[in-house]
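Remarks on the structure that follows.
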Amino acid sequence: MSSNNNTSIILTILRLQSAFRYPSLILGFTLLIGGVLGNILNIIVFIKVGNYKNNACSFYMFVRTFVDLYILLTGLTTRILATGFQMDFTSINWIWCKMRGGFIDINIQSTFTLICLQAIDAFICSSPSVVVRQKSNIRIARYLILGTVCFWSIHEIPYFIFQDLVIVRGTPMCITTNTIYAQYHSYFTTLCIFTTIPIIMISFFGFLTVRHMKTISVTRTLSSLTRQTISMALFQIFAVFVFNGPYAAWQIYTVATANVVKDTYRRAVEQLINLFVGTYGYGPYARIELNRQISNMKFECRQQLNQMVNAITMNNNYDPRNDNEFRKISHDDQSETASQFAMRRLVKMTINKPSCNIDSDPIHDISQEQNEQQSLNIHHRPTRQCAVHMEDQPFDQFEKRYSEQCQHKERTICDLCVYNNVEAALKDMQITSLTCPELGCQAVFGYNEVCEILLRNDNHALFEMYDRQLTHQHLEQMSEFIWCPYPGCGSGQLIERDTSDRNRINCIKCNRMICSHHRIKWHIDMTCEEYDQLERAFIKYISADEIVDDSQASEQKRSFLTIVNQGFEAYRTTLGRNPVHLKPGLSLSLPVIHHIQKVDMREAGMGVDKISAFTKDNVPVQLSAVLFYQVKNAYKACFDVTDYRSSIYSVGTSSLRSIVGQFEYDQIIGDRNKLNKEWLSVVGNSIEHWGVQTTKAEIQSFGPLDASVARTLEKQMDAERDRRQQELNTRAKINISEGEKQSMILHSEGNLVAAKNLADASLITAQKQAEGQKYLIEQETLALTKQLETISQQLNNDYPLTVRYLLARRRFDELQAIANGKNNSTYFINNQTEGIDSLKIFADIQKQNREN
């Protein structure tokens with residue numbers, strides 16, 4: 025009996041599956057094809073009609089169109105393939121298992137958020153208060169859309185982490201591995217975000233919007249574009265109720281009966297209902313061509329209006345007085361100009377053309393009597409339809425020509441819209457880019473035009489803001505004007521260059537130092553050139569190419585796979601702790617959870633470009649150098665220092681300045697190797713505890729800081745050369761004097777020696793002469809003695825006579841010499857007796873000699 029029941033149940037389930045399969049496929053294909061075509065047509069309409077781009081509500085719809093297209097192409101297509109053709113890619117590929125559900129959830133949540141924002145904007149636009157209606161801003165809408173996408177993307181990160189492909193009883197299934205997140209996704213995401221919260225919000229604001237639209241005074245104050253977008257928003261709210269109501273009810277039932285014991289038949293029925301409801305729930309995203317049908321009348325009306333404007337108002341070759349209607353004008357109206365007649369005819373054609381009346385909705389209808397009354401008064405009060413808000417305005421609203429530079433012949437935008445355009449631009453701080461809003465006109469509104477537009481509408485506060493901002497812009501264009509950069513000051517002043525430091529000035533209000541060159545707070549302990557060098561180095565360091573090329577420790581891009589190249593080392597931290605060393609190759613990393621830091625272990629060079637310093641002899645110099653380093657310990661480089669490259673650069677520049685200050689200018693010029701070794705040693709000792717080792721340091725260029733220093737050094741070198749030349753000249757003169765001195769010394773010494781030698785020679789000569797005379801005397805004496813002895817012997821030893829004889833002999837010889845002289849002188853001898861005696865003696869002696 026039980027086997028028969030089971031067989032009947034199985035047959036019933038098979039019949040139900042075959043019964044629900046084809047309707048579900050037909051419904052899915054209908055929603056897919058119609059939805060894709062409808063969304064594409066919506067995109068075309070939103071692009072063609074430029075006014076939609078300036079409306080917040082329509083902009084929400086425009087963004088929603090792209091999101092709905094993604095949901096249909098990704099979600100509904102895969103659902104049709106899975107249910108109709110048993111092609112489920114989520115049970116095959118784990119990447120598709122994570123990506124499909126996660127991205128679809130992000131887009132669905134974004135869609136419902138945009139629907140809620142659309143309902144809120146419709147409520148704001150339909151408010152009776154003008155101040156409230158001004159809160160609907162396209163700029164705010166853009167920020168809200170961006171915030172929505174970012175918020176839901178972050179919200180789905182746990183889904184990407186915990187959703188995985190798991191084998192259950194031999195069958196691969198794409199399920200959530202975390203129980204807590206699975207409950208959160210079932211109860212909160214599905215019930216609240218997908219169903220309950222959107223339905224409550226759109227119901228509340230939709231009800232308030234309908235109440236506003238039923239008020240005739242509100243309806244008359246709204247433009248056609250606003251009324252149209254509100255109608256589209258209300259219809260989409262209705263579509264959400266129709267398509268999402270069954271889905272929300274079914275999800276509530278599923279959650280409520282999750283713990284109920286169910287038999288096979290009930291589970292099969294619930295599975296089939298879930299299949300149908302899941303496909304039917306894609307209805308809000310497949311709006312088919314409904315939005316296009318609603319907006320198409322406006323689109324066609326706009327095209328017809330443009331054709332009439334081109335044919336009647338803007339065509340100079342057309343003369344309306346040739347028209348039959350013009351000939352029917354009474355003689356009292358012959359003063360009407362061709363332009364006024366053309367505008368009257370244009371307005372009449374616009375009002376009487378039924379295809380252009382998009383406000384036939386009962387909520388927006390205006391009584392036929394009012395239309396007829398307006399048509400009767402057109403001849404007396406000419407009007408023109410504004411091209412912006414598509415409302416009839418008095419013709420005097422189009423007569424003012426704000427700028428002489430305007431290129432358009434006649435205006436199609438009323439004064440109120442021109443004022444709104446200027447007001448919106450000024451609120452967006454577009455001070456100098458205020459242009460004429462007419463199509464194709466590039467005229468720029470100047471100060472007088474903006475002043476006239478704002479003051480005519482009694483907006484003195486906005487004009488004062490415009491005047492103040494324009495004044496500030498003109499002041500900022502002056503090179504000699506500067507604002508105080510310190511917060512809370514707000515003072516401005518002219519730059520005075522008479523100070524000792526030409527770039528450092530003091531604020532006249534707060535008396536704090538300002539750098540007039542960079543227009544920032546004064547950079548203490550740093551010149552402007554050093555600040556520029558540091559700024560360029562910092563920009564170079566943070567650039568993407570520099571990060572990749574230099575391979576410094578950096579964050580890994582957000583992906584599930586991390587590639588560590590050869591020559592690199594990496595560390596992966598989990599929620600900021602527990603670092604794990606990664607070897608070169610492919611590694612797994614989870615976004616947000618994991619943080620990857622890579623370090624290049626290869627030798628790298630760091631350039632120190634044109635830093636200024638002072639030498640020991642106070643010479644300002646500029647030098648460029650390169651420092652080569654290599655990371656030895658990647659762990660210390662990642663976790664012991666914030667940024668080892670910038671830290672090395674800071675240590676290198678500061679140490680190089682201090683080392684340059686220990687050498688004189690000539691010493692650095694003469695021997696750079698000593699400076700290189702000192703710099704390498706200092707930097708190496710400073711960064712060693714970061715796990716980085718310096719390998720080589722080189723000074724590439726070295727010279728004076730600027731031209732004035734170079735000229736000063738040239739003068740100093742000229743003076744040094746002159747000093748050295750003078751020193752050489754002085755030394756040469758000294759050497760010459762020393763030579764002359766030595767010459768004179770040697771000369772005098774030679775004279776001295778010569779004199780001594782002469783003296784010695786004279787002495788020796790005298791001695792010799794004396795000895796010769798002595799010898800002669802001795803010989804004479806001996807001869808005289810012998811002569812005396814001989815004479816005395818001959819005189820019988822008569823010595824007195826002998827002496828006398830000798831004396832007489834001497835006298836006689838002298839007299840004989842005188843007598844034999846050549847002189848003719850006469851000599852007188854005083855003592856004649858002596859002479860005679862002498863002669864007598866000689867005679868006696870000669871006599872004795874003869875006798876002998």
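So the mapping is simple: the working numbering equals the position in the sequence shown, first residue as 1, plus 24.
Backbone N, C-alpha and C fix where the C-beta goes; we use that ideal spot for every residue, glycine too.
In this text, all values refer to a predicted model and were calculated from it rather than measured experimentally.
8 Å Cβ shell around residue i - same chain, five flanking residues per side excluded
| i | result |
| --- | --- |
| G125 | T114, Y183, Q187 and C198 |
| F469 | Y426, S427, V446, L458, T459, C460 and I477 |
| N161 | A80 |
Local conformation of residue i per DSSP, three classes
| i | result |
| --- | --- |
| V827 | helix |
| C539 | strand |
| G708 | helix |
| N530 | strand |
| T407 | strand |
| P511 | coil |
| I437 | coil |
| I635 | strand |
| R425 | coil |
| P344 | Confidence at P344 is low in this model, with a pLDDT of 39, below 50, so its placement is unreliable and no value can be given for it. |
| K545 | strand |
| C174 | helix |
| M741 | helix |
| N444 | helix |
| N161 | coil |
| F687 | coil |
| L80 | A small fix is needed here, since residue 80 is Ala in this sequence, not Leu. Of the three classes helix, strand and coil, the one that applies to A80 here is helix, per DSSP. |
| C475 | helix |
| I431 | Checking the sequence shown, residue 431 turns out to be Gln, not Ile. Here Q431 sits in coil by DSSP. |
| M949 | The shown model of the chain, from 25 to 876, leaves out residue 949, and the question about it has no answer. |
| D837 | helix |
| K810 | helix |
| D746 | helix |
Contacts around residue i, its chain only, beta-carbon distance under 7 Å, and the 5 residues preceding and following it disregarded
| i | result |
| --- | --- |
| V547 | This sequence places His at residue 547; Val is not what is there. For H547, where only same-chain residues beyond five positions count, the Cβ hits under 7 Å are C539 and Y555. |
| G609 | V588 |
| N700 | A721, E722 and I723 |
| G796 | none |
Residues sharing a beta bridge with residue i, DSSP
| i | result |
| --- | --- |
| F726 | L647 |
| E593 | V623 |
| D416 | Q409 |
| Y653 | A628 and T718 |
| F505 | L518 |
| T459 | V468 |
| H179 | Beta-bridge pairing links H179 to no other residue. |
| L11 | With the chain covering only 25 through 876, there is no way to say anything about residue 11. |
| H605 | Y595 |
| H618 | T598 |
Residues of its chain near residue i, where Cβ-Cβ distance is below 6 Å and the 5 sequence neighbours each way are ignored
| i | result |
| --- | --- |
| G629 | V650 and F652 |
| Y304 | none |
| T12 | Residue 12 cannot be examined here, being either before or after the span of the chain that is shown, 25 to 876. |
| C508 | S515 and C531 |
| V412 | I437 and C441 |
| L612 | none |
| V706 | S679 |
| I506 | I519, S540 and R543 |
| A206 | T200 |
Chain C within 9 Å of residue i, Cβ atoms only
| i | result |
| --- | --- |
| E504 | Here chain C cannot be found, since the structure has a single protein chain. |
Cβ pair count under 8 Å reaching 3, the region 699-710 against the region 740-748: By the Cβ test, the region 699-710 is not in contact with the region 740-748, since fewer than three Cβ pairs between them sit closer than 8 Å.
Residue ranges of each beta strand (DSSP E) within the region 92-146, 3 or longer: Secondary structure within the region 92-146: not one fully enclosed beta strand (DSSP E) run of 3 or more consecutive residues is present.
Three CB pairs or more closer than 8 Å across the region 656-665 and the region 684-695: Note that the region 656-665 does not touch the region 684-695; fewer than 3 beta-carbon pairs, one per stretch, sit closer than 8 Å.
Segments of 3+ residues assigned as beta strand (DSSP E) that fall wholly inside the region 753-807: Runs of the beta strand (DSSP E) inside the region 753-807: none found.
Stretch-stretch touch, CB-based, cutoff 8 Å, three pairs: the region 225-239 with the region 133-152: Segment contact: the region 225-239 against the region 133-152, three or more CB-CB distances shorter than 8 Å; contact assigned.
The region 665-684 touching the region 589-598, judged by at least three CB pairs closer than 8 Å: No: fewer than three Cβ pairs fall under 8 Å.
Three-pair Cβ contact test at 8 Å for the region 116-133 versus the region 166-183: Judged by Cβ distances under 8 Å, the region 116-133 makes contact with the region 166-183, as three or more pairs qualify.
Three-pair Cβ contact test at 8 Å for the region 607-623 versus the region 636-644: Output reads no: the region 636-644 does not touch the region 607-623.
Touch test, the region 91-100 against the region 269-282, Cβ-Cβ under 8 Å, three pairs minimum: As far as the Cβ criterion goes, the region 91-100 does not touch the region 269-282, which means the pair count is below three.
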